[in-house]
Each structure stands twice: as C-alpha cells, then as structure tokens.
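Chains as they are written, first to last, in the numbering used here: chain A, 4 to 381; chain B, 14 to 221.
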Amino acid sequence: MNLLKREPNGGHNGGHNGSRKSHGRASNYGYVAARVKAKRGRLLRREDYLKLLKMPVPAITRFIGELEYREQIEVLAKRYHGLDLLEQALDKNQEDLFGQIYGYAKGELKDHIGYLLEMERMHEVKATLRARIGEVSPEDFIKVSPAKVRGVNERYYDLVGILEADTLEDAVDLLKDTPYYYALHEMLETQPRPFLTSQPLEDAMTLAYYEHLLETVISGHKNKANKLFISFIRKEIDVVNIRTILKAKVWGVSGELRDLIVPGGLALIDDTLEKLLEAQGTKALFEVLATGSKELYDALSELVPEIGRDQTLSQVSQRLDKYLMEEAQNFSFKYPLSILPVLNFIIRKQAEIDNLRIIVRGKQYNLSEGLIHDQLVM
Amino acid sequence: MEISDIRPTRSELIEIKKKITIAKKGHQILEMKRDGLIHEFFELLARAQDIEEKLASAYRDAEDNILLARAVVGTEQLKTAVFARKESPTVRLATKNVMGVVLPKLDFRFHPRKNASDRGYGVIDTPPLVDEVITSYEKLLEAIIEAAELETVLKKLIEEIESTKRRVNALNYRVIPDLEFSAKYISMRLQELERENIFRLKRIKNNS
Chain A
4 MNLLKREPNG
14 GHNGGHNGSR
24 KSHGRASNYG
34 YVAARVKAKR
44 GRLLRREDYL
54 KLLKMPVPAI
64 TRFIGELEYR
74 EQIEVLAKRY
84 HGLDLLEQAL
94 DKNQEDLFGQ
104 IYGYAKGELK
114 DHIGYLLEME
124 RMHEVKATLR
134 ARIGEVSPED
144 FIKVSPAKVR
154 GVNERYYDLV
164 GILEADTLED
174 AVDLLKDTPY
184 YYALHEMLET
194 QPRPFLTSQP
204 LEDAMTLAYY
214 EHLLETVISG
224 HKNKANKLFI
234 SFIRKEIDVV
244 NIRTILKAKV
254 WGVSGELRDL
264 IVPGGLALID
274 DTLEKLLEAQ
284 GTKALFEVLA
294 TGSKELYDAL
304 SELVPEIGRD
314 QTLSQVSQRL
324 DKYLMEEAQN
334 FSFKYPLSIL
344 PVLNFIIRKQ
354 AEIDNLRIIV
364 RGKQYNLSEG
374 LIHDQLVM
Chain B
14 MEISDIRPTR
24 SELIEIKKKI
34 TIAKKGHQIL
44 EMKRDGLIHE
54 FFELLARAQD
64 IEEKLASAYR
74 DAEDNILLAR
84 AVVGTEQLKT
94 AVFARKESPT
104 VRLATKNVMG
114 VVLPKLDFRF
124 HPRKNASDRG
134 YGVIDTPPLV
144 DEVITSYEKL
154 LEAIIEAAEL
164 ETVLKKLIEE
174 IESTKRRVNA
184 LNYRVIPDLE
194 FSAKYISMRL
204 QELERENIFR
214 LKRIKNNS
C-alpha cells in the first residue's frame, strides 16, 4: 500500500512536506485569520481546566463529548471504547482541524502552515523508521500506532511502505521528495550497519527539518510578520537546543554533543552556545543561561535549584513549552493578517489536546490533582 | 554401634582413639564454619533489608513515572519508543566461594543503564519524560537483579547453615559419644581380659 501520491511535477499531491512551493499564488491571510479566530474562541480557557481538575472522569468525558469532539467520538466509537476512544478522538480532532486550516490556506501561507504541521508527520516517520530498524512487523506496528496508518490521506507518508521495504535504503527512497532524504541517505552511508539504531537517523531528520524550515521562511516575503515568524522559529530552536544540552548533561550522550545542536538559534549562539556545551554540570549551565538568555532563564528560574535530578527535566520541558506558547501569543496580536495567529492557534490547540489527555488519563491513573495541574500548559 | 560389632582389641582401641581425635577436630572446625556462616548471613540480612526498600522504591518510581508519562506523552509514543530496543539486557551467572559454599553471582552482560543517545531513539525531540520512564525502569531492573542475587545467596546460606548445624550436632551428640563409649568398652574389656589372664595364671601356679 502506497499512501504517497505524486504530482506530475514530482511533488506530493498537496502534502505539506518540505519540497512544495507556493508557485507564486497569493496568500489568503484575511480569510484564514478569520476562520482561525472563530476556532480560537472555542478553545478551553484556564478556568475550564481548573474546573475539569475537580470533576470525576465520567463528568469530564461528558464535558468533552459536548464540545467539538463529538463528531470524532462518534466516528471512532466502533473501534475504540472508554478513555482510549476519547484519546483517539482528541488526536483525530486535532488532525481534522489542522487539515481544514491547511485546506483553507493558499500560497505562501499554505506552505508555512504545512511546515508547522509537518512536525507531527516527521514524528510518524521517525516512529516508523524506528520500527523498521527494530524489525517490528507491519501488523505489530499498526496495533501500536493505528492512528499513524489509519487512512489514505494526501498528507500522509507511506509508512507501511517504509516498514515493508526490502532494505533501509529502499525505505529512505520513499522519502525522496522530503527535506529528510539527503540527511537520511548521508547518515545511512556513514553509520556502521550491524549496530545502526534509529537515533542518528531521527536526529538527522530533526536537524534537516529546522534547516529547511528556516531556509524556506527566510527566503519568503521580507515583511515584519515574517520576520517575527523567523524570530519565533529561532526561539523554538533555542528551546530545542537547551533541552538537548540538559538531556546530555543529565543522562550523557555518546559522540559529539555539537552534532545534536540545531543551527540557527536566536539567543543561544556563538560564545553562549559554546559555553553551554562546555558547562560542567547543570549549575554551571544555568549560570551561562542567566547571562546568555534572560528570557529562557526566567522561564526556568523556579526550577533551577531542582535541576540535575532525573525527574526535573520533564518539568523543564513543560516550562519551555509554556514559554513558547506565551511567545506565540505575544506575536499573534501584532500582525493579525499573517501566519502568526495561525501559529498561535496551532500551539494552543495542541496544548488543549495534551491538557485534556493529561487530565483524563491522570484521573484514571489516580495521579494527584497537584501533579496533574503541574503538567498542564495553560 | 552394637556392642557385638566392637572388636575388643588393642589395635581397635588405637583406631577408635584416632577417630575420636579427628571427630573432635572436625566438630571444632564445623562449629567455626557454622558461626562464620551465621555471621555472614546476618551481615547480608541487613543489606537485604536495604535492597528490599530500594526495590520497593524503584518499583514505585517506575510505576509513578510510567503512569505520568502515559498521561502526558500518551501511550502510543511510549510504545513506539520501545521499538528502538535492539538488545535485551542479559545476565551472566558466575559463582563465588564463601567458606566452601558456592554462591551465585549475577553480572549484567549488557548493562541496562544507557545514556540518552544509546537508547536507540532520537535525542533531540524525544520528550524528557520518556527518558525519565526508561531511566526509572533501568534502575528497577538493576534493583531486581541485585535483590534476586541476594535472595538466592541468603537461601543457599540458610541451607548450608542448617546442614552444618546437623553435622555439628551429629558429631556432638552421636558420633563422638559413640566412639567414646566404644573406646571405654574396649578398654574395660581389655582390662577384664587382663584380670582373667592373671587369675588363670595364678590358678595354674597353685595347681602345680
């Protein structure tokens, strides 16, 4: 089964992968911004989450069923039940919604939204490559990840094809028109085969994704909104890099940590980045961060005394997500007719899906209210 | 030993006295071994209590982390992270000798604790919570192996202490008293034979 459909010009049929170009079509910022604004009004607010935290699971599921998730719950009710149904419905709702927005958009805006949504597709490809290298059968993969291969959709990669390909090179060939192809191909040539794990391939994909994203957005229109968009992407790269460095300091990495750093950050570059990489221990790292990026340091300052213990990195990650969400929110009001409100909506919608899952599953697993609250990004 | 089985001869007496000396030496050595094993057992018992607590705490941490991760990153992402697993941790069984007792010693052939890049999945954008779950299960696995080794060692020590105790008691209450009884019987019998012989010689002398 090949889920990839190719256009005569070699690109994907409407797929939002890195190879597409807007071909000079005009962007419809006004229309998309209006649609997104209407959808943003339906997002849950902080008070809603606090109310949900006090409710038992049946009341929460009823509450969610009365929101815009009803349609997906009804569609998936034949295949899933209980909280699995709810979790799948939340994911499908996000996917459908983002698909709609992508469908409305035209021109450069469509390309940019495509790139934002590409992150999720990239994770799917990574999980598939991981399964391919781990010699997981397509049947077992589908059992674990039914959502990843659930439909013949123009936005999907040929995940089953990757799993069934004779060799890893053949699997990578299925990604020929994506930004990942050359990075993956190069990695396959340099890595010793019997010991190959998915790690170098996955990290090469992430590096290729950001490199391509920055290149494309920088080569686009030079207006102020785009500059802010670029600035946001660079802040996101800073966040990705600080997360990687912290992981390396806590758990260690084999090989060169520099190879795992995404180029193009905003604050964590040159000397600051070098000092962060060289910092001995997390305490020294935060001293560098305090001078290198006050914004990032402030976002994490409450956790600084705790950092270094295993269990605090997930809290750091959650604070960094919150920091990015606030940044997106700040940008979104400056240029309503740009990609920025869409970016803000996408981040907030993803946070809503994650928050609802955390609340429902947290209640199911009897996690304390305080612990659930700490995991929410709101 | 039945009295009828005892040959009341001087050579038998010498043989039995040798046996008594060996049995008493053996008894002393076995008593020392028993005391040594009991001492070793109590030392390990204190460690076993610590390991039991460590195991319970590692299990609680692992359970808490996986439940939190299932809520925060979703079950699917956790399960797909497991696809990266290329090798299973295996344990090599070696042995060590403590006071003549062969005890098991477990060593990891592929150590479960790995760094972030050796776990097989991408370092850059895998949520740290996934690494936290994996770290806590790595710690749990280590604690399980440590506890399993110690539990087996303690069981073996108890068995050996029991068997040594039985040997000590057998020597103390059965073997040594029996040998001493035999030696006493032979020496009494030899004395009696001596007296009979003297009496016989006197009778012969009187008759002639």
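Positions of the beta carbon are idealized from the N, C-alpha and C atoms, including for glycine.
- With fewer than 16 other beta carbons inside 10 angstroms of its own, Arg-179/B counts as exposed.
- With contacts defined as CB atoms closer than 8 Å, Asp-144/B and Trp-254/A qualify as a contacting pair.
- Within the model, the alpha-carbon separation for Arg-105/B versus Leu-306/A is close to 41 Å.
- Closer than 9 Å at the C-beta level to chain A, one finds these residues of the segment 88-115 of chain B: Thr-88, Glu-89, Gln-90, Lys-92, Thr-93, Ala-94, Val-95, Phe-96, Ala-97, Arg-98, Lys-99.
- Looking at the backbone, the Cα of Glu-290/A and that of Pro-141/B are separated by about 22 Å.
- By the C-beta density criterion, Met-45/B is exposed, having fewer than 16 other C-beta atoms within 10 angstroms.
- At a beta-carbon threshold of 8 Å, none of the residues of chain B lie near Asp-274/A; the nearest stands roughly 22 Å away.
- Contact check between the segment 142-161 of chain B and the segment 66-78 of chain B: three or more CB pairs, one atom from each, fall below 8 Å, which counts as touching.
- When DSSP assignments are scanned along the segment 152-230 of chain A, the uninterrupted stretches of alpha helix (DSSP H) that are 4 or more residues long and fall wholly within it turn out to be 162-167, 171-176, 184-193, 201-221.
- Listed along the chain, the chain A residues whose CB falls inside 7 Å of the CB of Asn-128/B are Trp-254, Gly-255, Val-256, Ser-257.
- If you look at Ala-282/A, you'll find it isn't in any beta strand (DSSP E); DSSP assigns it neither H nor E.
- A direct Cα-to-Cα measurement between Ile-233/A and Val-363/A gives close to 35 Å.
- By the CB criterion at 8 Å, Val-147/A and Glu-175/B fall outside the cutoff.
- At a cut-off of 8 Å between beta-carbon atoms, Val-128/A makes no contact with chain B.
- Within 7 Å of the CB of Asp-138/B, the CB atoms of chain A belong to Thr-209, Val-243, in sequence order along the chain.
- Listed along chain B, the residues sitting closer than 7 Å to Arg-364/A by beta-carbon distance are Arg-83, Ala-84.
- Sorting Ser-17/B, Phe-55/B, Leu-43/B by C-alpha distance to the C-alpha of Leu-167/B places Phe-55/B at the top.
- Boundaries of the beta strand (DSSP E) around Pro-117/B: 114-121.
- Val-363/A sits in a helix when the DSSP states are folded into three classes.
- The alpha-carbon separation between Leu-214/B and Ala-196/B amounts to approximately 27 Å.
- Following the DSSP letters along the chain, one finds Val-35/A inside the alpha helix (DSSP H) bounded by residues 32-43.
- Separation of Glu-218/A and Pro-266/A (C-alpha to C-alpha, rounded to the nearest whole angstrom) is 11 Å.
- For Arg-124/A, the enclosing alpha helix (DSSP H) covers residues 110-136.
- With a cut-off of 8 Å on Cβ pairs, the segment 356-372 of chain A is in contact with the segment 83-102 of chain A, counting three or more such pairs.
- Close partners of Leu-80/B in chain A (Cβ separation under 7 Å): Tyr-368, Leu-370.
- Ile-248/A counts as buried, since no fewer than 16 other beta carbons sit within 10 angstroms of its beta carbon.
- Here Arg-135/A is buried. Its C-beta has 16 or more other C-beta atoms within 10 Å.
- Look at the segment 131-142 of chain A: the residues with a C-beta under 7 Å from a C-beta of chain B are Arg-133, Ala-134, Gly-137, Val-139.
- Cα atoms of Leu-260/A and Val-163/A: separation of roughly 33 Å, rounded to the nearest angstrom.
- Between Leu-379/A and Asn-358/A a beta carbon distance of about 5 Å is seen, short of the 8 Å cut, so the two are scored as contacting.
- Classified as buried, Gly-133/B has 16 or more neighbouring CB atoms from the shown chains inside 10 Å of its CB.
- Checking the DSSP bridge columns, you'll see Ala-107/B partnered with Lys-118/B.
- Under the three-state reduction of DSSP output, Phe-96/B falls in the coil class, being neither helix nor strand.
- Residue state for Met-45/B is assigned as helix, using DSSP reduced to three classes.
- When secondary structure is reduced to three states using DSSP, Met-201/B falls in the helix class.
- Ser-341/A is the residue among Ser-341/A, Leu-100/A, Thr-170/A, Arg-196/A whose C-alpha sits nearest the C-alpha of Asn-226/A.
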